[in-house]
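Participant: Residue numbers (our numbering): 36 to 281.
Where is the CB? At the ideal position from N, CA and C, for every residue including glycine.
Remember, it's a predicted structure, so these values are computed and weren't measured experimentally.
I am attaching a structure below and will ask some questions about it afterwards.
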Amino acid sequence: MVEQATTAQEAPPDTGRVSVFSSVRQMDQPPLALPPGLAFDSRLRMEGLHFLSLLPSGAAPVAFLDPQYRGVLDHLAYGNEGERRGAARASLPQMTDEIPVFIAGIDRCLMPSGHLFLWTDKYHLCTGIGHWLEGTALEIVDMVTWHKQRIGMGYRTRRASEYLIVLQKAPRKAKGVWKVHTIPDMWSEKVPGRRVHPKPVGLQSALIEAVSNPGDVVIDPAAGSFSVMEACRQKGRTFLGCDING
Ligand SMILES: C[S@@+](CC[C@H](N)C(=O)[O-])C[C@H]1O[C@@H](n2cnc3c(N)ncnc32)[C@H](O)[C@@H]1O
């Protein structure tokens with residue numbers, strides 16, 4: 036069993052040498068005027084692409100996207116995860132074909148060197164997501180595996196982890212932009228409750244802290260349980276997001 040490590044690890048010991056790491060973020064978010072019909076720090080009920088179309092270009096330092104994937108299920112014998120749970124998942128709004136459109140919308144809204152944290156499933160991780168980035172200024176810069184500390188379903192192996200791809204809008208740059216250097220790329224965090232797809236608030240908080248300043252706006256156009264809004268609340272950031280189901 037992977038050891039619990041729900042918080043960022045301690046900084047490396049001070050060796051007296053000049054560190055290549057910068058713990059200062061030198062980028063300020065441009066002013067982001069709230070478009071009519073939207074509200075900060077609220078659970079907006081809205082279609083995500085419409086939401087993105089309302090946002091100004093080039094202003095948000097951080098976005099999360101956690102699409103409703105069906106890739107793995109579509110490649111398994113259907114109903115494999117149990118009739119009731121399978122039926123519940125099948126009834127969720129799917130967005131596989133729309134993912135590149137969501138990504139392009141987020142790319143437009145991000146400020147230069149802004150980050151998109153994209154949750155992905157095993158199937159898309161293995162087959163590749165490069166084609167989703169065509170025509171955008173986004174580039175893959177890192178990835179975090181989330182160990183859920185909970186054993187899920189699966190015929191061959193049972194799912195215990197999910198994957199978060201870290202994308203950065205051009206210009207690609209880490210120093211003076213990413214200011215927390217203690218986040219492990221295998222993150223272990225148990226999410227309480229048995230909801231279908233909540234993501235870990237601790238990991239999302241650490242990432243938000245790494246690539247934004249207090250008060251900055253974090254966007255999430257498919258927010259589900261609004262775990263990113265909770266992460267923003269904990270870190271003093273401003274949440275702007277929606278879900279088609281509110
Ligand atoms: C995997 S869940 C997100 C979970 C979320 N990250 C959390 O931590 O709870 C995907 C969400 O996308 C929403 N969704 C699907 N299609 C959408 C659309 N076109 N616009 C906005 N939300 C959509 C679903 O309602 C679902 O809540």
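For Val226, does the three-state DSSP call read helix, strand or coil?
Facilitator: coil
Participant: Across which residues does DSSP place Cys277 in a beta bridge pair?
Facilitator: Leu79
Participant: From Ser92 to Pro147, what does the alpha carbon distance come to, in whole angstroms?
Facilitator: Roughly 10 angstroms separates the two Cα atoms.
Participant: Leaving out the 5 sequence neighbours to the left and right, which residues in its chain are closer than 7 angstroms to Gly83 when beta-carbon positions are compared?
Facilitator: Phe137, Pro256, Ala257, Cys277 and Ile279
Participant: Alpha carbon to alpha carbon, how far is Ala245 from Ser58? Give it in angstroms, no decimals.
Facilitator: 9 angstroms
Participant: Can you tell me whether DSSP reads Lys270 as helix, strand or coil?
Facilitator: helix
Participant: With DSSP as the reference, label Asp255 as helix, strand or coil.
Facilitator: strand
Participant: How big is the Cα-Cα spacing for Gly170 and Leu202?
Facilitator: Going by the C-alpha atoms only, they are around 14 angstroms apart.
Participant: Hey, is Leu168 close to ligand 1, as in C-beta under 7 angstroms from one of its heavy atoms?
Facilitator: Checking the 7 angstroms criterion, the Cβ of Leu168 is out of range of every heavy atom belonging to ligand 1.
Participant: With distances taken Cα to Cα, identify the nearest neighbour of Glu174 among Cys267, Leu151 and Lys210.
Facilitator: Leu151
Participant: Tell me whether His110 is buried or exposed, calling it buried when 16 or more other Cβ atoms sit within 10 Å of its Cβ.
Facilitator: Since pLDDT at His110 reaches only 49, below the 50 mark, its modelled position is unreliable, and no value is offered.
Participant: Looking only at its chain, what residues have a beta carbon closer than 6 angstroms to the beta carbon of Pro269, apart from the 5 residues adjacent to it on each side?
Facilitator: Residue identity differs from the one stated: residue 269 is Gln in this sequence, not Pro. Around Gln269: Ser240.
Participant: Val212: which of Leu242, Gly189, His232 and Trp222 sits nearest, CA to CA?
Facilitator: Leu242
Participant: Is it right to say Val97 is buried, meaning 16 or more other beta carbons lie within 10 angstroms of its own, or is it exposed?
Facilitator: buried
Participant: Name the residue from Lys183, Pro227 and Phe99 whose alpha carbon lies nearest to the alpha carbon of Asp142.
Facilitator: Phe99
Participant: In chain order, what residues of the same chain have a beta carbon less than 6 angstroms from the beta carbon of Pro135, not counting five sequence neighbours either side?
Facilitator: Trp167
Participant: Run the CB neighbour count on Asp132, radius 10 Å, all protein chains shown included, and call it buried at 16 or more, exposed below.
Facilitator: exposed
Participant: Indicate the three-state DSSP secondary structure (helix, strand or coil) for His110 in the structure shown.
Facilitator: At His110 the pLDDT is 49, less than 50, meaning the model places this residue with poor confidence; the figure from the coordinates comes in the next sentence. Three-state result, His110: coil.
Participant: Measuring straight from C-alpha to C-alpha, what distance separates Trp222 and Val179?
Facilitator: 7 angstroms
Participant: Gly259 to Gly281, Cα distance in whole Å?
Facilitator: 8 angstroms
Participant: Could you tell me the distance, in whole angstroms, from the CA atom of Pro249 to the CA atom of Arg272?
Facilitator: 5 angstroms
Participant: Curious, which full-length alpha helix (DSSP H) runs of at least 4 residues does the stretch 177-252 contain?
Facilitator: 236-245
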